Amino acid sequence: MEGPSQYQVERAKRVCDGCPVREPCLNYALNTSQAYGVWGGTDPAQRRELNLRAEPPRESVPARPLRGGR
Numbered sequence: 033m034e035g036p037s038q039y040q041v042e043r044a045k046r047v048c049d050g051c052p053v054r055e056p057c058l059n060y061a062l063n064t065s066q067a068y069g070v071w072g073g074t075d076p077a078q079r080r081e082l083n084l085r086a087e088p089p090r091e092s093v094p095a096r097p098l099r100g101g102r
C-alpha cells in the first residue's frame, strides 16, 4: 500500500493509539474476519498475520487400514 491510502491507514492507526476499546475492537475484528479497514490499530495484513500465528498447527491423522485389505 502506498500513496494517499497509506497515509489514511497510518492516520487511522494513530486514532486507535489512545482508544479505550482498542483491544475489544481488535478481538471483534479477528473473531469476525474483518477484511477491510483499520480495527484495533491494525490493518488487514496485520490481522491476517495475527490469525496465522493464532491458529494451532495442524496434526496429521494416520490413515486407517482398509477393510479386509492389507
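Residues are numbered in the working numbering as their position in the sequence shown, beginning at 1, plus a constant of 32.
Every residue, glycine too, gets a C-beta built ideally from N, C-alpha and C.
Nothing here was measured: the structure is a model prediction, and the numbers come from that model.
In angstroms with no decimal places, state the Cα-to-Cα distance between residue i and residue j.
i   : j   : result
E42 : C48 : 10 Å
P94 : N63 : 31 Å
E87 : Y39 : 31 Å
A61 : E91 : 27 Å
R46 : P52 : 13 Å
Do residue i and residue j have their C-beta atoms closer together than 9 Å?
i   : j   : result
R79 : Q66 : yes
G72 : R54 : yes
Y68 : P76 : yes
Let me make sure I understand the geometry here. Which of the options has the alpha-carbon closest to that of residue i?
i   : options               : result
A44 : L82, L58, T74 and Y60 : T74
N59 : P94, L82 and G35      : L82
S37 : L62, V70 and G50      : V70
For chain B, find out if any of its Cβ atoms is closer than 9 Å to the Cβ of residue i; answer yes or no.
i   : result
N83 : Among the chains of the structure shown, chain B does not appear; only one protein chain is present.
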